[in-house]
Every structure is written in structure tokens, then in C-alpha cells.
Amino acid sequence: MPSLQELREKRATIVNTARTEYEVAAKKAKAENRDLSEADELALNKALDAADALTKDIEAGETAEQKRTEALNRLTAHEDALKKVNRGELEKVAGSAVNNSPFEQEKTDPSNDQSTAMRGWFLNQLGEEVPDACVEAGKRCGLNPLAKNLDIKLSNDYGRLQREYFNALSSNNPATGGILRLGSVLGPLEQAMLWYGPMLQTSQVIRTSDANPMAWPTADDTTNTGSQIGESAAVPTATDPAFAAMVMNAYKWTSGVIKVPFELLRDSAINLPQLLGEMLGERLGRIINTRATTGTGAATIKGIVTASTMGKTTSSNSAVTADEFIDFQHSVPIAYRNGAAFMFNDSTLKVLRKLKSNDSQYIWQPGLQVGMPGTLLGSPYHINEDVASIAASAKIALYGQLNRYKIRQVNRIRLYRLEERYRENDQDGFMAFVEVDGNLLDAGKGAVRHLLMNT
Numbered sequence: 000m001p002s003l004q005e006l007r008e009k010r011a012t013i014v015n016t017a018r019t020e021y022e023v024a025a026k027k028a029k030a031e032n033r034d035l036s037e038a039d040e041l042a043l044n045k046a047l048d049a050a051d052a053l054t055k056d057i058e059a060g061e062t063a064e065q066k067r068t069e070a071l072n073r074l075t076a077h078e079d080a081l082k083k084v085n086r087g088e089l090e091k092v093a094g095s096a097v098n099n100s101p102f103e104q105e106k107t108d109p110s111n112d113q114s115t116a117m118r119g120w121f122l123n124q125l126g127e128e129v130p131d132a133c134v135e136a137g138k139r140c141g142l143n144p145l146a147k148n149l150d151i152k153l154s155n156d157y158g159r160l161q162r163e164y165f166n167a168l169s170s171n172n173p174a175t176g177g178i179l180r181l182g183s184v185l186g187p188l189e190q191a192m193l194w195y196g197p198m199l200q201t202s203q204v205i206r207t208s209d210a211n212p213m214a215w216p217t218a219d220d221t222t223n224t225g226s227q228i229g230e231s232a233a234v235p236t237a238t239d240p241a242f243a244a245m246v247m248n249a250y251k252w253t254s255g256v257i258k259v260p261f262e263l264l265r266d267s268a269i270n271l272p273q274l275l276g277e278m279l280g281e282r283l284g285r286i287i288n289t290r291a292t293t294g295t296g297a298a299t300i301k302g303i304v305t306a307s308t309m310g311k312t313t314s315s316n317s318a319v320t321a322d323e324f325i326d327f328q329h330s331v332p333i334a335y336r337n338g339a340a341f342m343f344n345d346s347t348l349k350v351l352r353k354l355k356s357n358d359s360q361y362i363w364q365p366g367l368q369v370g371m372p373g374t375l376l377g378s379p380y381h382i383n384e385d386v387a388s389i390a391a392s393a394k395i396a397l398y399g400q401l402n403r404y405k406i407r408q409v410n411r412i413r414l415y416r417l418e419e420r421y422r423e424n425d426q427d428g429f430m431a432f433v434e435v436d437g438n439l440l441d442a443g444k445g446a447v448r449h450l451l452m453n454t
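Throughout the sequence shown, residue numbering follows numbering that gives the first Met the number 0, covering 0 to 454 in sequence.
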């Protein structure tokens with residue numbers, strides 16, 4: 000089996016060869032005063048698909064390599080802990096605490112208490128006896144496994160979840176990391192919301208303890224500068240920054256009902272908490288992402304596309320050029336280009352991968368090293384399927400400081416089980432509710448701009 004480095008080199012060769020052949024075909028078509036043939040387009044797309052397939056193989060190999068490393072690290076940690084215990088104390092390791100042992104750290108981890116309590120809740124829902132350990136864990140973390148419905152407190156430090164998510168992605172191992180330690184339902188739910196909601200990845204997410212309106216101050220001081228003064232001269236009259244406030248509410252969102260057959264509830268081989276967490280998170284992640292992208296702001300979230308500033312209008316209503324994308328990038332003030340990124344959907348990316356600038360360089364460049372994604376005009380990009388595709392009058396791309404988009408989320412998620420509603424079909428329903436709002440924090444200078452297709 001080829002090594003990871005060989006796979007990366009093979010991917011680079013495919014991309015470079017495809018580009019060379021595409022350039023030759025393009026020059027020939029230009030010389031013959033015709034468009035590229037369908038066969039030429041198909042050949043390029045076939046090569047890019049092959050490169051994408053290799054990317055998946057590389058990610059799978061890096062995931063396996065990461066898992067091996069983590070397993071070795073865990074074994075080393077356990078061995079080091081055991082070395083600190085003398086022979087007379089070895090019997091205590093299996094049953095009671097050893098202060099420096101990783102076993103004890105895991106045992107007292109609040110996230111493990113939450114996971115244990117939630118397993119007890121599911122056992123109780125199925126009519127099974129709830130172990131005392133689940134009840135005790137529930138007391139420590141504030142979850143009652145004997146309750147009919149759950150009101151689950153989310154993590155306050157959402158930035159940590161984002162960092163762990165992107166660290167996992169950078170190692171091509173998104174199924175690991177602290178996010179999965181948040182509980183048997185909550186961990187997969189949080190992860191699925193991040194995975195299916197790119198806006199939750201790029202935005203600053205603030206979690207609050209209540210749903211009261213929250214005023215977020217804004218200030219524009221970009222046009223003011225300091226000044227030079229002479230000895231003993233009076234300081235010039237100061238120009239105050241332009242202050243304003245953005246009010247964020249807490250709109251209610253639901254996953255809708257997920258109906259689960261009794262057989263699935265009964266089957267202990269199925270990790271139902273994880274499965275439900277993934278399904279609930281996927282649904283919530285998708286609707287929040289849609290509204291955070293294109294919401295109108297009228298009694299709902301104001302999406303980043305809606306709130307963005309005009310950056311550039313294309314000359315065509317059905318195509319975009321490399322020069323237009325360069326103009327679009329530079330429409331964002333230079334003060335806001337530090338840390339800026341693009342956002343568009345996958346079909347737009349497919350078009351952009353074929354564009355070249357005037358110096359015959361492709362504006363899209365693949366990442367050839369571990370954890371390094373591709374770039375567009377030197378900037379990172381994010382795929383968001385809720386951004387419009389190339390069409391007349393469509394806003395097809397964003398560029399700027401995407402983290403200036405703020406998402407406010409009430410720090411609780413409510414989980415319900417509906418027992419009687421679907422009883423005639425021998426099914427139980429599960430549903431979740433969250434409260435979220437979002438808006439772009441922009442003092443009027445266009446920190447995030449959009450590319451508009453001509454009419």
C-alpha cells in the first residue's frame with residue numbers, strides 16, 4: 000500500500016498534469032476561435048475527481064495514524080501512573096483513587112458525569128432500572144436521570160469547542176477531541192451542529208445564561224488618526240468614534256420530531272444516545288446555518304449574506320473571471336483583510352479552481368502539506384452550501400473577517416421524549432429546542448463584502 004507521502008505526491012502530479020493539459024486545450028481552442036470542447040471539460044473534471052478521491056484516502060490514512068499515536072500516548076500515560084504506585088498500593092488502582100492517575104482524572108471529569116447521567120436518563124425512558132452511579136453522577140452535574148424531560152446546560156466556552164474541532168480537522172481526525180467528552184448525546188449533537196453548520200465554525204458564538212435581549216456595542220474609529228503637536232501646544236479637538244449598538248434576541252429553533260421504532264430503543268447493540276445526538280445536531284445545524292447565511296433579519300436571524308456590503312458586481316450574469324475575484328478581494332478595506340477568508344458553495348469552488356490570473360497562475364492552489372487546506376488568492380475559504388450558486392443577480396461569494404458575524408445562543412438545550420403521540424406505530428418521538436440569534440457586527444466599513452452577479 001502506498002505511503003501517505005506517495006499519495007500526496009500522486010495527488011500533486013494529477014493536479015499539475017490536469018492543469019497543463021487543460022492549458023494546452025485552452026490555447027488550441029483560442030487559436031481555432033472556438034470554445035473548449037466537452038471532452039476537455041470532462042477530462043479536467045475527471046482528474047479533479049481523482050484528486051478528491053486521493054484526498055479522502057490521505058485523510059483516512061492520517062486518521063488511522065493519529066489514532067495509533069493517541070493509543071500509544073494513552074498507554075504511556077497509564078504506564079507512567081502505575082510506576083508511581085508501589086506494590087502495596089497496586090490493588091487500590093482498580094477500585095479507588097490514585098491522585099495522579101489518569102483513571103481518577105477521567106472519573107471526576109464533569110463531562111463524564113454528564114455522560115453517565117444521560118445514559119441513566121435513557122435507561123429510565125426505556126423502563127430499565129437506573130444504576131446508582133447514574134443518579135450520583137446526575138447530582139454532581141445537575142442532570143436528573145429520573146426526569147421525563149432534560150434541560151441540558153451547554154458548554155460556556157464555545158471557542159474551545161471550535162478550536163478542538165479545527166484541531167481535529169487539521170489532523171484529519173474529526174471524530175476525536177474534547178467535543179466528544181461532552182456526554183453521550185450532547186457531544187455528538189455539538190459536533191454535528193458544527194459539521195453541518197459552517198457558520199458555527201467561522202462565527203464568534205456567545206452563549207448566555209438567559210434569553211433577554213443583548214445589546215452589543217459597535218464603534219467605528221477607522222477614519223480617525225493621531226496628530227503631531229508642537230512644544231506646549233494645545234491638543235487638537237478630539238473626534239469621537241461613532242458608537243452604536245446591535246441588539247441580539249433569542250429566536251426559538253427546533254429539530255422537529257425524530258421517530259424511533261421500539262425495536263431500535265430495545266436493541267442494546269445500538270448506541271442510541273449517540274445516534275440521536277447526531278441526528279438532532281444535524282437538523283439544528285442545518286437550519287441555523289441557513290438562517291445565519293441568508294436570514295432576512297425580520298423577526299429572525301439576519302444572515303451574513305443579507306448583512307454584508309456590496310463588494311463587486313460581475314460583468315456577466317452567468318460567469319465570473321479571475322480579475323473580478325481579485326477586484327472583489329480588494330474591495331474589502333485593507334484594515335479588514337488581516338485574517339480574512341472567502342465563503343461560497345461547492346459548485347462555485349468548482350468554477351474557481353479553473354480560473355487563472357493575468358500572469359497565468361491559477362487563483363486556487365491546493366494544500367500539499369498535512370493540515371494545510373487549499374487557498375484562493377492566498378486566502379483560506381469555507382464551503383457553505385447555503386450561499387447562492389452562480390446565477391443572475393445572485394450573491395455568490397463573501398470575503399472579509401467572517402468572525403465578525405456573531406451568533407448568540409442561550410446556554411441550554413431542551414430534549415423531550417414523546418411517548419404516546421406515535422404509539423399506534425410502536426414508535427417514540429424525540430425532539431430538541433435551542434434559542435439562537437445572529438447578526439454581522441459591522442460599523443459601516445464593510446468588514447465582510449459580497450460578490451454580486453449581474454442581472
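Built from N, CA and C at the ideal position, the CB exists for glycine as well.
Straight-line Cα distance separating residue j from residue i
i: Gly373; j: Asp51; result: 12 angstroms
i: Leu274; j: Val204; result: 25 angstroms
i: Thr454; j: Tyr250; result: 34 angstroms
i: Leu43; j: Ala17; result: 6 angstroms
i: Glu37; j: Leu53; result: 24 angstroms
i: Lys353; j: Ile333; result: 27 angstroms
i: Ala210; j: Met247; result: 10 angstroms
i: Gln360; j: Glu20; result: 15 angstroms
i: Arg33; j: Leu47; result: 24 angstroms
i: Ala233; j: Gly310; result: 41 angstroms
i: Ile228; j: Pro240; result: 21 angstroms
Reference residue i, options the options, closest by Cα
i: Ser208; options: Asn410, Val304, Thr308, Lys444; result: Asn410
i: Ile389; options: Val129, Asn316, Leu397; result: Asn316
i: Trp252; options: Glu384, Thr68, Gly280, Ala306; result: Gly280
i: Gln200; options: Asn32, Met342, Gln364, Ala49; result: Met342
i: Arg422; options: Thr320, Lys258, Gln4; result: Lys258
i: Asp150; options: Val134, Met117, Gln124; result: Met117
i: Cys133; options: Gln124, Gly119, Ala146; result: Gly119
i: Leu348; options: Tyr335, Pro365, Ile13; result: Pro365
i: Tyr398; options: Asp385, Ala387, Ser356, Ser378; result: Ser378
i: Asn111; options: Ala136, Asn123, Ala46, Gln124; result: Ala136
i: Gly437; options: Thr305, Asn383, Val234; result: Thr305
i: Thr289; options: Arg420, Asp48, Asn344, Leu142; result: Asn344
i: Arg336; options: Arg403, Arg67, Ile286; result: Arg403
i: Gln190; options: Met278, Glu5, Asp322, Ile286; result: Met278
i: Thr320; options: Ile13, Asn15, Leu351, Gly296; result: Leu351
i: Ala11; options: Ala30, Glu22, Leu35, Ala49; result: Ala49
Residue range of the unbroken alpha helix (DSSP H) whose run includes residue i
i: Asp436; result: Run containing Asp436: none in the alpha helix (DSSP H); it sits in the beta strand (DSSP E), 426–439.
i: Ala24; result: 3–30
i: Thr253; result: From DSSP, Thr253 is part of no alpha helix (DSSP H) but of the beta strand (DSSP E) over 250–253.
i: Ile382; result: It is not in any alpha helix (DSSP H) - Ile382 instead sits in the beta strand (DSSP E) that spans 380–382.
i: Ile287; result: 271–293
Cβ-based neighbour list, residue i, same chain, cut-off 6 angstroms, excluding 5 preceding and 5 following
i: Ala243; result: Thr217
i: Lys27; result: none
i: Gly445; result: Thr308
i: Trp194; result: none
i: Asp39; result: Ala24
i: Leu376; result: Gln328, Ile362
i: Pro235; result: Ser226
Spatial neighbours of residue i in its chain, beta-carbon cut-off 7 angstroms, leaving aside the 5 residues before and after
i: Met452; result: Thr313, Asn316, Ile389, Ala390, Ala391, Ser392, Ala393, Ile395
i: Leu71; result: none
i: Leu479; result: Look at the range of the chain in this structure, 0 to 454, and you will see that residue 479 is not part of it.
i: Arg420; result: Gly428
i: Thr115; result: Ala132, Cys133, Ala136
Cβ neighbours of residue i in the same chain (closer than 8 angstroms, five flanking residues each side left out)
i: Gly94; result: Summary for Gly94: the model assigns pLDDT 43, below 50, so the residue's position carries little reliability, and this model does not support an answer.
i: Leu401; result: Thr201, Ser202, Ile303, Ala339, Ala340, Met342, His381, Val447
i: Lys147; result: Arg416
i: Thr295; result: Lys301, Gly302, Thr305
Residue i vs residue j beta-carbon contact at 8 angstroms
i: Arg416; j: Val435; result: no
i: Arg282; j: Gly255; result: yes
i: Asp448; j: Ala431; result: Per the sequence presented here, residue 448 reads as Arg, with Asp not at that position. Not in contact: Arg448 and Ala431 (Cβ atoms no closer than 8 angstroms).
i: His381; j: Pro197; result: yes
i: Ile362; j: Phe324; result: yes
i: Met245; j: Trp215; result: yes
i: Thr299; j: Val386; result: no
i: Pro272; j: Phe121; result: yes
i: Gln113; j: Leu145; result: no
i: Pro187; j: Gly284; result: no
Start-to-end residues for the beta strand (DSSP E) that takes in residue i
i: Pro260; result: 257–260
i: Ala306; result: Taken as a continuous stretch (DSSP letters only), Ala306 belongs to no beta strand (DSSP E), being part of the alpha helix (DSSP H) at 303–306.
i: Gly399; result: 394–399
i: Leu414; result: 411–417
i: Thr207; result: 203–207
i: Met342; result: 340–343
i: Val447; result: 447–451
Proximity test, residue i beta-carbon vs the ligand MG heavy atom, cut-off 7 angstroms
i: Tyr421; result: Here there are no bound small molecules, and the ligand MG is not part of this structure.
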